[in-house]
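What follows is a short report on a single structure.
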Amino acid sequence: MRAFVIESYAHPSKISLTSDFPDPKPGPRDVLVDVYSGGLNFFDILQCQGKYQNQPPMPFVLGMEFAGRISSNSPIPNGCSFKPGDRVFGGAQGAFGEKVAVPLNNILPIPDNISYDQAAGLYVTWPTSYEALVGRAVLKSGEWVLVTASAGGVGIAAVQLAKALGAKVIAAAGSRAKLEVSKNFGGADFGVDYTKPGWQQEVLNITGGKGVDVIYDPVGLIKDSLKCIAWKGRALVVGFAAGSIEKLPLNLVLLKNISIVGIHWGAYAKNEPAHMSKVWQDLMELMSSGRVKPVVYSEVWPFDRLADGLVAIEKRQTWGKAVVRIREDDSVQARL
Ligand SMILES: NC(=O)c1ccc[n+]([C@@H]2O[C@H](COP(=O)([O-])OP(=O)(O)OC[C@H]3O[C@@H](n4cnc5c(N)ncnc54)[C@H](OP(=O)(O)O)[C@@H]3O)[C@@H](O)[C@H]2O)c1
1 MRAFVIESYA HPSKISLTSD FPDPKPGPRD VLVDVYSGGL NFFDILQCQG KYQNQPPMPF
61 VLGMEFAGRI SSNSPIPNGC SFKPGDRVFG GAQGAFGEKV AVPLNNILPI PDNISYDQAA
121 GLYVTWPTSY EALVGRAVLK SGEWVLVTAS AGGVGIAAVQ LAKALGAKVI AAAGSRAKLE
181 VSKNFGGADF GVDYTKPGWQ QEVLNITGGK GVDVIYDPVG LIKDSLKCIA WKGRALVVGF
241 AAGSIEKLPL NLVLLKNISI VGIHWGAYAK NEPAHMSKVW QDLMELMSSG RVKPVVYSEV
301 WPFDRLADGL VAIEKRQTWG KAVVRIREDD SVQARL
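When we follow the UniProt record's numbering, the leftmost residue of the sequence shown carries the number 1, and every step to the right adds one.
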């Protein structure tokens with residue numbers, strides 16, 4: 001099969017498509033999936049350079065998020081409700097290949113109104129944002145939410161979800177174009193450019209001096225954002241896209257009776273697997289009803305140009321979810 005195979009560590013700009021890599025061999029609880037679209041993540045950039053926390057033995061196929069169809073020659077393990085041809089999305093090492101072997105627990109059905117490109121970026125991003133807002137921050141209708149990196153993968157999902165849950169959303173991003181994306185594709189009510197000094201005062205003005213009830217932060221901007229948090233607000237630590245792990249003086253937590261709340265979606269698989277099904281059930285309902293809709297970056301890269309997509313993420317050029325097209329979709333969903 002064709003695949004992005006890592007045989008020696010290299011910067012993403014140096015990786016290329018291999019045309020004759022062996023198909024993956026499914027394990028006893030795996031299914032085989034024909035991959036149509038792959039979701040690109042910052043950690044793919046780290047993994048191809050040997051800098052990620054999870055490094056498979058070489059040679060390995062890059063990629064984690066995908067959408068596709070159960071292969072015609074897939075094994076169907078006992079208890080599997082899927083059949084060959086079913087549209088699925090999920091996560092497994094090796095997503096940037098024409099076929100991927102996936103543990104049965106790591107796939108879900110694609111709602112009819114969602115294309116492969118849209119579904120390719122669902123598996124990590126959307127449950128992270130949903131569980132952060134609903135499970136961890138216990139967001140209530142009518143509350144104010146500030147989302148940093150609001151046009152990014154997890155950020156735009158958080159903006160849409162907060163709106164769907166009845167919140168008032170202030171998007172914070174690094175450019176006017178990304179603020180437009182946050183409003184047009186996310187539905188944000190207000191936007192502030194967080195590269196401009198004093199942006200927190202703008203947030204305070206928007207909220208009538210009260211500040212925001214919930215901060216959703218995948219960047220590492222908790223300390224800066226606390227300047228505009230409300231009394232008893234909750235600040236969600238989602239990630240550190242700016243590059244370094246943020247440190248916080250704890251007097252800031254005490255002064256306004258606030259809570260600093262962590263979210264690590266991947267850790268639910270080990271600690272609370274049953275809860276994951278509930279989150280997915282809620283998300284599927286929101287997606288099937290069209291109240292939220294995955295946002296795909298304007299350029300979908302063809303398979304042989306995957307490296308360009310990874311470099312665009314590294315240069316902070318993308319918004320929404322960056323996606324690579326591995327097979328063309330001839331189904332009706334492609335025209336939605
Ligand atoms: N906790 C969890 O379970 C979980 C799950 C998924 C992802 N995450 C984490 O969340 C973070 C964001 O993921 P994502 O998929 O949304 O990424 P993404 O789509 O690449 O978006 C990241 C955004 O962060 C902003 N940013 C600010 N400083 C940056 C810098 N120095 N370099 C690059 N970007 C910078 C950029 O927006 P502006 O240009 O607007 O500043 C960029 O678009 C990552 O750290 C990821 O590891 C955590």
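Ideal placement from N, C-alpha and C gives every residue a C-beta, glycine not left out. Predicted model, so just to flag it, every value in this text is computed and none were measured.
Please identify the residue among F43, N78 and V35 whose C-alpha is closest to the C-alpha of S72. In the sequence shown, residue 72 corresponds to position 72, counting from 1. For S72, the nearest C-alpha among the options comes from V35.
Residue interval of the beta strand (DSSP E) (run including P69): Taking the first residue of the sequence shown as 1, we reach residue 69 at position 69. It should be pointed out that residue 69 corresponds to Arg in this sequence rather than to Pro. Taken as a continuous stretch (DSSP letters only), the beta strand (DSSP E) holding R69 covers E65 to I70.
Below 6 Å, is the gap between the Cβ of I45 and the nearest heavy atom of ligand 1? Within the sequence shown, residue 45 is the residue found at index 45, counting from 1. It does not: the Cβ of I45 is nowhere closer than 6 Å to a heavy atom of ligand 1.
Given 6 Å as the limit, tell me if R69 has its C-beta closer than that to any heavy atom belonging to ligand 1. For this step, residue 69 is matched to residue 69 along the sequence shown. Because no heavy atom of ligand 1 lies under 6 Å away, the Cβ of R69 does not count as near it: no.
Comparing the CB of I263 with every heavy atom of ligand 1, is any distance shorter than 6 Å? Numbered from its first residue, the sequence shown carries residue 263 at position 263. It does: the Cβ of I263 is within 6 Å (strictly closer) of some heavy atom of ligand 1.
Status (buried if at least 16 other CB within 10 Å, exposed otherwise) for V61: As a working note, residue 61 is residue 61 in the sequence shown. Classification of V61: buried, given that the 10 Å Cβ count is 16 or more.
Does DSSP put W319 in a helix, in a strand, or in coil? As a first step, residue 319 is located in the sequence shown; it is residue number 319 there, counting from the start. Coil.
Would you say I170 and F190 are within 7 Å of each other, going by their C-beta atoms? Here the question's residue 170 lines up with position 170 in the sequence shown. Here the question's residue 190 lines up with position 190 in the sequence shown. Contact flag set, yes.
So if DSSP puts A3 in a beta bridge, which residue, or which two residues, is it bridged to? If you number the sequence shown from 1, residue 3 lands on position 3. DSSP, once it has assigned bridges, lists T18 and G97 as partnering A3.
Does DSSP classify T148 as helix, strand or coil? What you label residue 148 is simply residue 148 of the sequence shown in a count that begins at 1. It is a strand residue.
List, from N- to C-terminal side, the beta strand (DSSP E) runs of 3 residues or more that fit wholly inside the region 218-292. 229-237 and 259-262
Taking just the CA atoms, how far does G135 sit from V214? Within the sequence shown, the letter at position 214 stands for residue 214. Within the sequence shown, the letter at position 135 stands for residue 135. Distance between the alpha carbons of V214 and G135 is about 13 Å.
With a threshold of 6 Å (Cβ to nearest heavy atom), would K51 be considered close to ligand 1? In the sequence shown, residue 51 corresponds to position 51, counting from 1. No, ligand 1 has no heavy atom inside 6 Å of this Cβ.
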